[in-house]
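Data first, discussion second: the structure below is written as structure tokens.
Numbering (UniProt numbering), first residue to last: 1 to 290.
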């Protein structure tokens, strides 16, 4: 019997195993598990009995012909975490695998969401009919001011919004990288639009999600869904008759906000704090240079 097993009581092993299972973010666990199970199946089919550098090289060499570079890196990241947790194998030390993935990235240009220019934003906010587009206006205002991700807007709670006399303070506690972000909206007309929408939100609602479904000048209790939230920028682009509206994705507000701040001369530290970015490279990647 393995020495570690023989020296560890069953209840301690169970606690350790549960701890390992919880190391992967809960909202992503099913995706990580799916990738790990897929790799295990490949190993069985290819009669791979031990995780080695050559096994990983062969696996990713075969995958590179079917997936784009960004997907390969995502697969690598999930396998690196899963193999480390479940089999105590650290593939981050496999330098040749890194070289293969970098080679697959040569010439690859990732597709990024198009951005809304400041003129686009003002045109939509001041010209679109509130009876139809009030909710979209408020989503745009908050998303643009806070460089918000789709999920951050979706999960925004009534508790996260503080109405002051001449401003609105918004906190984003549920961010992708667990960094609390807080920002203020001070534009008078924008404040009034947010207040107008907030007043329409039904008082007898059994959840605290701020964004609820808006139809025909009134709000109903059902919260706006993830897909609807992700299509708001596209629908704004359709209203504005912008070319290729399908390229305005859930990253639109975040990229638009980052580009606007960069154009205003914001320094890198301010820029990273604005979007909650840890990496300078990642932060700079959100700026539209065209």
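The beta-carbon is built from N, C-alpha and C at its ideal position, and this holds for glycine as well. Values in this document were obtained by computation on a predicted structure and should not be read as measured data.
Item                                                                                                             : Value
Local conformation of residue 83 per DSSP, three classes                                                         : helix
Bounding residues of the beta strand (DSSP E) (the contiguous stretch that carries residue 219)                  : 218 to 223
Test item: CB-CB of residue 156 and residue 97 under 7 Å                                                         : no
Residue 183 versus residue 148: straight-line alpha-carbon distance, rounded                                     : 11 Å
Cβ-Cβ separation, residue 153 to residue 139 (assumed contact under 8 Å), whole Å                                : 6 Å
Assumed close pair residue 146, residue 181 - CB separation to whole angstroms, cut-off 8 Å                      : 7 Å
Every unbroken beta strand (DSSP E) within the stretch 155 to 204, with a cutoff of 3 residues, ordered by chain : 161 to 163, 168 to 172 and 181 to 185
Residue 259 - DSSP class collapsed to helix/strand/coil                                                          : helix
Cross-strand partners of residue 238 (DSSP beta bridge)                                                          : DSSP output for residue 238 lists no bridge partner at all.
Residue 212, DSSP secondary structure in three states                                                            : strand
Distance, residue 24 Cα to residue 79 Cα                                                                         : 12 Å
Element boundaries [alpha helix (DSSP H), containing residue 52]                                                 : Note, residue 52: premise wrong, no alpha helix (DSSP H); not H, not E.
The stretch 161 to 176 / the stretch 185 to 200 touching (three or more Cβ pairs under 8 Å)                      : yes
Candidates 101, 177, 262 and 43: closest to residue 277 by CA position                                           : 177
Where residue 265 falls, given that 16 or more other Cβ within 10 Å makes a residue buried                       : exposed
Straight-line Cα distance separating residue 82 from residue 32                                                  : 7 Å
From 213, 85 and 76, residue whose alpha carbon lies closest to that of residue 315                              : No statement about residue 315 is possible, as the shown extent of the chain runs from 1 to 290 and does not include it.
Separation of residue 172 from residue 204, as counted between CA atoms                                          : 24 Å
Candidates 91, 134 and 230: closest to residue 200 by CA position                                                : 134
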